[in-house]
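Beneath this line is the structure, given in structure tokens, with notes to follow.
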């Protein structure tokens, strides 16, 4: 959302999926879901990440600009993977209930979500077991 008046000024970022006031580090973790290790994902499902910096460069820049430490980013990555899995599950469940002939969710999206959801939840569980932040 932008504040009234000039010059244009960002006033808030609204988390429409969860309708929450987001933790900035969780927002960063959401963006890191677009990375496969150090490199931006190349699969192109969600958006073109080819011009994005490396993961470590993004974290370093984020710390410099925000003044926040990213030492516990794995905690937020657990939460981001888990929350995205839940959001996608809702859409997937609605698509399954509606069936293929209702003009609802594109079957390609439904099929992609069917594969993504277990991966996201499994990744969250693996990170939770491995993370230093307890």
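In our numbering, the protein residues as written are 71 to 204.
Glycine included, C-beta positions come from ideal geometry on N, C-alpha and C.
Here the structure is a predicted model, which is why all the values come from computation and not from measurement.
Beta-carbon proximity of residue i to residue j, cut-off 8 Å
i	j	result
residue 197	residue 147	yes
residue 125	residue 105	yes
Coil, strand or helix - residue i by DSSP
i	result
residue 98	helix
residue 181	helix
residue 196	helix
residue 161	helix
residue 142	coil
residue 186	helix
residue 117	coil
residue 137	coil
residue 92	coil
Rounded Cβ spacing between residue i and residue j (contact assumed at less than 8 Å)
i	j	result
residue 103	residue 158	At roughly 11 Å, the Cβ-Cβ gap does not stay under 8 Å, so residue 103 and residue 158 are not in contact.
residue 190	residue 143	Actually they are not in contact, since the Cβ atoms of residue 190 and residue 143 sit about 17 Å apart, beyond 8 Å.
residue 182	residue 151	At roughly 16 Å, the Cβ-Cβ gap does not stay under 8 Å, so residue 182 and residue 151 are not in contact.
Residues that residue i bridges to, as DSSP identifies them
i	result
residue 80	72
residue 109	106
Between the CA atoms of residue j and residue i - distance to the nearest angstrom
i	j	result
residue 166	residue 97	29 Å
residue 199	residue 100	19 Å
residue 188	residue 139	30 Å
residue 123	residue 136	17 Å
residue 130	residue 180	36 Å
residue 112	residue 169	31 Å
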